[in-house]
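K.L.:
Residue numbers (the numbering used here): 84 to 200. By construction, the Cβ of each residue, glycine as well, lies at the ideal position given by its N, Cα and C atoms. Once you've had a glance at the structure underneath, I'll fire off some questions.
Written as structure tokens, this is what we have:
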């Protein structure tokens with residue numbers, strides 16, 4: 084699996100995913116950095132077959148109305164410290180991967196990982 088992590092999430096998520104053998108990039112690594120437009124992120128996700136991981140509800144609505152991106156992880160953890168976000172991903176990564184085999188739209192909540200679609 085290949086991931087693109089949006090600007091509102093810590094770049095450290097890339098390293099966590101890579102440590103488990105996944106290919107991941109953060110928007111800060113793209114040419115336009117964290118100012119990369121949503122459309123460009125969608126284009127990168129489509130051209131590189133990446134799963135978009137974001138807190139941005141615009142991606143959620145784009146998925147629901149237009150079916151883009153092909154796979155979306157919508158993070159609903161609220162405002163938490165980077166260390167807590169990193170720990171959440173480490174503890175729940177295997178469940179997230181399992182959910183991605185079951186659906187295309189996944190929501191990450193503090194107490195559950197929900198396959199929406």
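Let's see if you can read the secondary structure: which residues bound the alpha helix (DSSP H) around residue 159?
P.N.:
Indexing the chain shown from 1 puts residue 159 at position 76. Where residue 159 is concerned, there is no enclosing alpha helix (DSSP H), given that its DSSP letter is neither H nor E.
K.L.:
Do you know offhand how far residue 123's Cα is from residue 93's?
P.N.:
Working through the chain shown from its first residue, we reach residue 123 at position 40. Working through the chain shown from its first residue, we reach residue 93 at position 10. Rounded to the nearest angstrom, the two C-alpha atoms are 19 Å apart.
K.L.:
Do residue 172 and residue 193 come within 9 Å of each other at the CB atom, strictly closer than that value?
P.N.:
Within the chain shown, residue 193 is the residue found at index 110, counting from 1. Within the chain shown, residue 172 is the residue found at index 89, counting from 1. No, these two residues do not count as a Cβ contact at 9 Å.
K.L.:
Would you report the Cα separation of residue 169 and residue 117, rounded to the nearest angstrom?
P.N.:
For the purposes of this step, residue 169 is taken as the residue at position 86 of the chain shown. For the purposes of this step, residue 117 is taken as the residue at position 34 of the chain shown. Taking the straight line joining both Cα atoms gives about 19 Å.
K.L.:
Taking the straight line between their C-alpha atoms, what separation do you get for residue 186 and residue 114?
P.N.:
Looking up residue 186 in the chain shown gives position 103. Looking up residue 114 in the chain shown gives position 31. Cα to Cα, residue 186 sits roughly 30 Å from residue 114.
K.L.:
In the DSSP assignment, find the alpha helix (DSSP H) that holds residue 166 and state where it starts and stops.
P.N.:
Mapped onto the chain shown, residue 166 falls at position 83. Its alpha helix (DSSP H) spans residues 165 to 185.
K.L.:
If residue 133 sits next to residue 87, beta carbons under 8 Å apart, how far is it from one beta carbon to the other, in whole angstroms?
P.N.:
Taking the first residue of the chain shown as 1, we reach residue 133 at position 50. Taking the first residue of the chain shown as 1, we reach residue 87 at position 4. A Cβ-Cβ distance of about 4 Å is found for the pair residue 133 and residue 87, placing them in contact under the 8 Å criterion.
K.L.:
Give a yes or no on whether the C-beta atoms belonging to residue 183 and residue 158 are separated by under 9 Å.
P.N.:
Against the chain shown, residue 183 aligns to sequence position 100. Against the chain shown, residue 158 aligns to sequence position 75. No.
K.L.:
Using CA coordinates, which residue listed in 127, 130, 121 and 105 is at the minimum distance from residue 179?
P.N.:
Locating residue 179 in the chain shown gives position 96, where the first residue counts as 1. Ranking the options by Cα distance to residue 179, first place goes to 105.
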